[in-house]
Amino acid sequence: MNQDVERILIDEEEINQIITRIAAEIDRDYANSNKRLLLLCILKGSVVFMGELMKKITVPVEIDFMKVSSYANGSKTSGSVNIILDILRKDLNECDILIVEDIVDSGRTLSYLTEYLKLKGAQSVKTVTLLDKPSRREVEFTPDYCGREIPDFFVVGYGLDYAEKYRALPYVGILKPSVYNT
Ligand code: PRP
Numbered sequence: 060m061n062q063d064v065e066r067i068l069i070d071e072e073e074i075n076q077i078i079t080r081i082a083a084e085i086d087r088d089y090a091n092s093n094k095r096l097l098l099l100c101i102l103k104g105s106v107v108f109m110g111e112l113m114k115k116i117t118v119p120v121e122i123d124f125m126k127v128s129s130y131a132n133g134s135k136t137s138g139s140v141n142i143i144l145d146i147l148r149k150d151l152n153e154c155d156i157l158i159v160e161d162i163v164d165s166g167r168t169l170s171y172l173t174e175y176l177k178l179k180g181a182q183s184v185k186t187v188t189l190l191d192k193p194s195r196r197e198v199e200f201t202p203d204y205c206g207r208e209i210p211d212f213f214v215v216g217y218g219l220d221y222a223e224k225y226r227a228l229p230y231v232g233i234l235k236p237s238v239y240n241t
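Per my numbering, residue 60 is the first one in the sequence shown, and the count goes up by one each step.
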């Protein structure tokens with residue numbers, strides 16, 4: 060285990076089970092759709108979850124990427140969402156869009172993106188997140204698919220970072236407070 064991690068919250072085996080379950084739900088729900096399923100990965104934290112999820116979904120998928128930033132200077136107080144990398148394709152109305160996130164916190168990113176994509180012409184927009192912290196919500200938002208709800212722990216790994224570190228850990232771990240309290 061990484062020396063900065065206090066304890067593992069979700070190990071590799073449980074993550075694997077979670078993603079298998081979500082992929083089956085997505086397969087079931089989109090099997091009879093007449094649109095193409097587009098998985099929209101929100102960089103950077105979702106990249107590991109996206110990579111595993113897309114391998115387990117058996118209906119045909121296309122993939123695309125956006126990058127947004129909701130926080131100023133690392134704090135979570137700004138409340139605004141900035142688009143850093145936009146989606147360029149013009150066929151959003153022909154797709155079932157499934158936004159793929161690693162974690163929902165205030166809910167601002169996904170509620171903003173859902174509306175943004177609809178304004179760009181998307182008719183079918185749903186969301187999937189590996190982790191959800193409902194206790195942190197600032198705007199009303201419920202993901203369509205959720206891996207696991209967690210308490211307000213400082214979690215890293217499986218794509219999630221602190222100061223760009225720990226993203227490659229194969230599990231979700233709770234960071235030692237001494238790491239971010241210095
Ligand atoms: C995290 C996460 C979501 C967002 C969730 O991204 O990946 O995109 O914050 O928070 P919210 O519900 O309060 O909007 P972050 O800005 O840390 O970027 P990263 O994925 O590149 O690390």
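Note that CB positions come from ideal geometry on N, CA and C, so glycine has one too.
For D86, three-class secondary structure by DSSP | Position 27 of the sequence shown, counted from the start, is the residue given in the question as residue 86. In the structure shown, D86 sits in a helix (DSSP, three-state: H, G or I).
I233 vs F212 beta-carbon contact at 8 angstroms = What you label residue 233 is simply residue 174 of the sequence shown in a count that begins at 1. What you label residue 212 is simply residue 153 of the sequence shown in a count that begins at 1. For the 8 angstroms CB-CB criterion, I233 and F212 form a contact.
Run through DSSP, which three-state label would F213 get?
-> Residue mapping note: residue 213 aligns to position 154 of the sequence shown, counting from 1. Here DSSP, grouped into helix, strand and coil, assigns F213 to coil.
Mapping DSSP to helix, strand and coil, what is S237?
-> What you label residue 237 is simply residue 178 of the sequence shown in a count that begins at 1. Assignment of S237 by DSSP, reduced to helix, strand and coil, places it in the helix class.
Excluding the 5 residues preceding and the 5 following P229 in the sequence, name in chain order all residues of the same chain whose CB lies nearer than 6 angstroms to its CB.
-> By 1-based counting over the sequence shown, the position of residue 229 is 170. Only E71 meet the Cβ criterion.
Looking only at C-alpha atoms, which of E197, S237, S194 and L189 sits nearest to R207?
-> Start at 1 with the first residue of the sequence shown, and residue 207 comes out as number 148. Among E197, S237, S194 and L189, the Cα nearest to that of R207 belongs to L189.
Run of the beta strand (DSSP E) containing F108, from where it starts to where it stops = Along the sequence shown, read from residue 1 onward, the residue named residue 108 stands at position 49. Run containing F108: none in the beta strand (DSSP E); it sits in the alpha helix (DSSP H), V106 to K115.
Do the region 103-110 and the region 148-164 touch if we need at least three Cβ pairs shorter than 8 angstroms?
-> Segments in contact, yes.
Which one of E197, D191 and V198 has the shortest CA to CA distance from V214?
-> Position 155 of the sequence shown, counted from the first residue, corresponds to residue 214. For V214, the nearest C-alpha among the options comes from D191.
CB V127 to CB I146, shorter than 8 angstroms?
-> Stepping through the sequence shown from its first residue, residue 127 is reached at position 68. Stepping through the sequence shown from its first residue, residue 146 is reached at position 87. In this structure, I146 does not lie closer than 8 angstroms to V127 by Cβ.
Tell me where the beta strand (DSSP E) around S128 begins and ends.
-> Within the sequence shown, the letter at position 69 stands for residue 128. Segment V120 to S128, the beta strand (DSSP E) holding S128.
V198 burial status per 10 Å Cβ neighbour count (16 or more: buried) = Taking the sequence shown and counting its residues from 1, one reaches residue 198 at position 139. Exposed, by the Cβ-count rule.
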